[in-house]
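Per my numbering, the sequence shown runs over residues 1131 to 1220. Glycine residues also receive a C-beta, built at the ideal position from the N, C-alpha and C atoms. First up is the structure itself, then whatever we jot down about it.
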Amino acid sequence: MTTRDERSGAYGMGEMERGTQQRLEARQRMRTLAWGALCVLLAVWSVAWGVGAARGTANAWAYFLPGVALLALALWARRSAVRNSPPRHL
């Protein structure tokens, strides 16, 4: 009969202590997800204010243009974060 410790080592992510590969990969995945979420948020912001600007809402351009600029910066940062991430081995 196997003990609980022997079974738990066979499955899961493994050790999540400082400096381990799994912890570094988890941190990189969280950064990529955070940049992706920021890009989605800024895209929704830009589309919403773009629709408002097309309908003639007052001061909509003042929110639309910075939203587009921030979206471009977030997409650039996300692309560079993905490009600079360590390669994934399947």
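Item	Value
If you draw a straight line from the C-alpha of V1179 to the C-alpha of A1211, how long is it?	First, the residue type needs correcting, since residue 1179 is Trp and not Val in the sequence shown. About 28 Å.
Measuring alpha carbon to alpha carbon, tell me which residue in R1161, L1171 and S1176 is nearest A1190.	S1176
Between which two residues does the alpha helix (DSSP H) containing G1197 stretch?	A1190 to R1213
Identify which residue in R1209, N1214 and A1204 has its Cα closest to the Cα of L1168.	A1204
I'd like the list of long-range same chain contacts for A1183, defined as Cβ closer than 6 Å, with 5 residues on each side in sequence excluded.	A1190, W1191 and F1194
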